[in-house]
Amino acid sequence: MKLFAAGSNSHRQLNNSSVDVRSFAVLSAHVECDSADAKCDVLYASWSTSTLLSETLINLGHRPWSIPHPPTKQVHCPFGDHNGLIGYLDTDGRIWFLHADPRKPSARQPPLKLLNDDPDAPKIGFFVLANNGKVALTFLQAPNGRLAHVVEFASLDAFKKWYLDPSDQAKAPEAHHMLPGRPAQLLANAATFMLRMEEGEVYSWGDPRYRTLGRSILGKDAIPANKPGLISALGGMKALYIWGAMLPSKDDEIKVLTELGAEEVHLVDLPGADSADVVDIAVGDNHLAAVCDTRAFVVRDNTYGQLGIGNEQAFFDDWVEVPAVKGSRVQCGPQSTFVWSNAD
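Under our numbering, residues 763 to 1106 are what the sequence shown spells out, in order.
Right under this line is the structure:
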């Protein structure tokens, strides 16, 4: 398995050159990925860092560091901000944080420590941190559990205070939602949360501006924006739908999104891949990447070469296939893209 990367490299978060990578190239620092049996993940990517997990935990870019033996390798739901990784969950529902320098909170360094080592601390299933600072999480369910509990906090600090003392009602979550089924994935963007259930249902809630919810919040039967509401327009396994808008500071837009109403979603037809399943999708600040039957496709902002197509054009309003890269997975940082490939 080889890991390819493209995009912003001003802090040497992709390689040692400090020149933006405009065509996908093997992430040379991550030699552990050169074996077909090696497990390698981009745990978190910010505008200035790339944090990689394999046999070691490596932070490339601004303030680099490494941990030869991470305290746990059963990692999911990594979270962070523009300064980089803050922490992650393990599969036992415990949450780990990087050490923060009290004199400079943005300077995060090893070791990783459990936020609460009490064995009776709440067990978390999924955890996300939105760009507006809000937190949402689900609780770890029993194997036969069929009711999902989702809670929200106004900030990461508010979550920490509750997690360290959950019996104090003054520190209770600001919102508590209950939904039927079992969560499969929880995501956050600038100010919106998305929850996908094992049966395929997708719920959205949060800030409704910029068409981010993909559903109506008006009318007699509509679910308000601040509560999880079902995106009923979605249907079909391994189909790709998009909705929403560019960041307010950006003028360009994907062609199909300019034609959508506030409540509409668009079913994507990737060029030349009409009958193939979409196997993975990732979203950066202003670009998207998808893998369909080993073919990688990208769209939107290419200012820093994050589309990886070797082109100086700054924006693409329609999907473009990435030449010479056969992908199995894809992941985006704010201004970067990573593709895993089994091909030589």
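All C-beta atoms in this analysis are idealised placements derived from N, C-alpha and C, irrespective of residue type, glycine included.
- With a cutoff of 7 Å on beta-carbon distance, G769 and Y1066 are scored as near each other.
- With fewer than three CB-CB distances shorter than 8 Å, the stretch 984-1000 does not count as touching the stretch 1013-1020.
- In this structure, DSSP gives T954 an extended state, which the three-state scheme calls strand.
- M940 is a Cβ neighbour of L909, given a cutoff of 7 Å.
- Closest in C-alpha terms to S808, from the list P826, P830 and N845, comes N845.
- Distance from the CA of A920 to the CA of L874, rounded to the nearest whole angstrom, comes to 20 Å.
- A straight line joining the alpha-carbon of G962 with that of L1069 spans about 29 Å.
- One thing to note: H938 has its Cβ within 7 Å of the Cβ of V913.
- Collapsing the DSSP output to three states places L805 in a strand.
- Taking the CA atoms as reference points, L949 sits about 26 Å from V1084.
- A932 sits exposed, since fewer than 16 C-beta atoms from the chains shown fall within 10 Å of its C-beta.
- Contact between A1086 and R1057 does not hold, since their C-beta atoms are separated by about 11 Å, which reaches or exceeds 8 Å.
- In the structure shown, D919 falls within a helical segment according to DSSP collapsed to helix, strand and coil.
- The continuous beta strand (DSSP E) containing H938 extends over residues A937 to P942.
- Residue pairing by DSSP puts H911 in a beta bridge opposite M940.
- Collapsing the DSSP output to three states places Y972 in a helix.
- Leaving aside the five residues that flank R958 on each side, the residues in its chain whose CB is nearer than 7 Å to its CB run, in chain order, A946, Q947 and V964.
- Pairing S1037 with R774, the inter-Cα distance amounts to about 39 Å.
- Separation of the CB atoms of N894 and Y925 is rounded to 20 Å, and the pair is thereby denied contact status at 8 Å.
- Annotation for T974: N951, A952, A953, T954, S966, G968, W1005, G1006 and A1007 place their beta carbon closer than 8 Å to its own, counting only its chain and skipping 5 residues before and after.
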